[in-house]
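Novice: Structure below; questions to follow.
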Amino acid sequence: MKGVLLAASVSLLISLFGTPLFIKFLVKRGYGQFIRDDGPTSHHTKRGTPTMGGAVILAAMLGAYFLSHLLTLNPPTASGLLVLFLAAGLGFVGFLDDFIKISKQRSLGLRSKQKLLGQALVGITFAGLALQFPNEQYRTPASLLVSFVRDTNISLALGGSTVVGVILFVIFANVMIAGASNGVNLTDGLDGLATGVSTMVFGAYVLISIWTYNQNCQTNPGIKCYEVRDSHDLALVAAAGMGACFGFLWWNATPAKIFMGDTGSLALGGALAGLAIATHTEILLIILGGMFVLETLSVVAQVASFKTTGKRVLRMAPLHHHFEMVGWDEVTVVVRFWIIAGLFVAFGLGVFYAEWVVGSQ
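Sequential numbering of the sequence shown, starting at 1, is according to the UniProt record's numbering.
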């Protein structure tokens, strides 16, 4: 627990005090955000606001993780390192996207195929490595079993074929990673919106990881114990993510002094997907990250409706822009979406705990 609290505190401090220094660095070099002309007119005043703030979030997470291990004299684990690798890898893809936008002063960075290819390369590497590194109990960071709040009896190794199971897992993991990273990316359209929602979901994974650590089959075997490797270290990673987002939110809240950019949104989505896979709660992430799911579905519905009927179901997608076009103030949209995100997180944690209570009776 000491390491978890230390990681949260250190990442908070690095993000809180490192962000204004990074803002000065970006302003000096003229690295500002390009604003779409077809978006809400109120956003035109944001043109030139420094972006790529996700670099600070990533630095805070990595710095807090390794410093916590150094001070507590505990070695890093395969699960923790893999989640951070996924976050950093996707963050690098996002950085390339942001840098192209800034250097060429346009709204398009990497082309969609290039971005998806970069995400796939990182995701496939992560998925392949997550099935390696067995510990003394032969547990690997990820599992071939389908998981909701824990491993079920449904295996991806159809017909007992491990090869088929590995292939299906890699596909499933990459769908999750792409969905989570793009979900956070779509949500990152208003000051503080994606940062605040991410803080809540990271907080949920701190609690989930601590709970699975206390009820782990390695130390507390029982009928409802959790087959999760490195639960304590995953709590540390989640705490580092929560603290980093919380500190960044101070500068990202309305009116934002800096945006996280794709550097941050892809990294945060990757970290959340990695935590879901490593804690064996892949399907639960759909509930915990319900706000990201709603934003993604709003874009899917908008595109599908326009292509099939020629009509739009929303005034503008993603969903938060629709409510801006209706007349809601930006702050109103953000706070109300935070409330909805909090309800999703609370419901997800309730489902997680209820499964344990019912199953242990």
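Don't be surprised by glycine CBs; every beta carbon is placed ideally from N, CA and C.
Quick caveat, the model's predicted, so the values are computed rather than measured.
Since Val83 and Leu207 should fall inside the 8 Å C-beta cutoff, what is the C-beta to C-beta distance between them, to a whole number of angstroms?
Specialist: Rounded, the Cβ-Cβ distance is 17 Å, inconsistent with contact.
Novice: Does DSSP put Tyr353 in a helix, a strand or coil?
Specialist: helix
Novice: Got a sec? Which residues, its chain only, sit under 7 Å from residue 364 by beta carbon, not counting five neighbours each side?
Specialist: Limits of the chain in this structure are 1 at one end and 361 at the other, which puts residue 364 out of reach.
Novice: Pairs of beta-carbons, one from the region 292-302 and one from the region 123-134, closer than 8 Å: are there three or more?
Specialist: The region 123-134 and the region 292-302 do not touch, with fewer than three beta-carbon pairs separated by less than 8 Å.
Novice: Consult DSSP for Pro221 and reduce its assignment to one of helix, strand or coil.
Specialist: coil
Novice: Could you pull out every residue in the same chain whose Cβ sits closer than 7 Å to the Cβ of Leu168, ignoring the five residues on either side in sequence?
Specialist: Leu156
Novice: Grouping DSSP H, G and I as helix and E and B as strand, with all else coil, what is Tyr226?
Specialist: strand
Novice: Can you say whether Gln361 is buried or exposed, counting buried as having 16 or more other CB atoms within 10 angstroms of its CB?
Specialist: Note on Gln361: pLDDT 44, under 50, position unreliable in the model; the coordinate value appears next. Exposed.
Novice: How is the alpha helix (DSSP H) around Asn174 delimited, first residue to last?
Specialist: Thr162 to Thr187
Novice: For the structure I just gave you, are there three or more beta carbon pairs, one from the region 193-210 and one from the region 232-246, closer than 8 Å?
Specialist: The region 193-210 makes contact with the region 232-246; the number of CB pairs closer than 8 Å reaches 3 or more.
Novice: Start and end of the alpha helix (DSSP H) containing Thr309?
Specialist: For Thr309, the enclosing alpha helix (DSSP H) has its first and last residue at Gly290 to Thr309.
Novice: Is Asp233 near Thr77, with beta carbons less than 8 Å apart?
Specialist: yes
Novice: Suppose you measure from the CA of Val166 to the CA of Thr199; what does that come to, to the nearest Å?
Specialist: 32 Å
Novice: Out of Thr195, Ala354 and Trp356, state which residue places its alpha-carbon closest to the alpha-carbon of Ala341.
Specialist: Thr195
Novice: Using the C-alpha atoms, what's the distance from Met52 back to Val351?
Specialist: If you draw a straight line from the Cα of Val351 to the Cα of Met52, it comes to about 35 Å.
Novice: Just the Cα atoms here: how many angstroms apart are Lys307 and Gly63?
Specialist: 46 Å
Novice: According to DSSP, simplified to helix, strand and coil, what is Val146?
Specialist: strand
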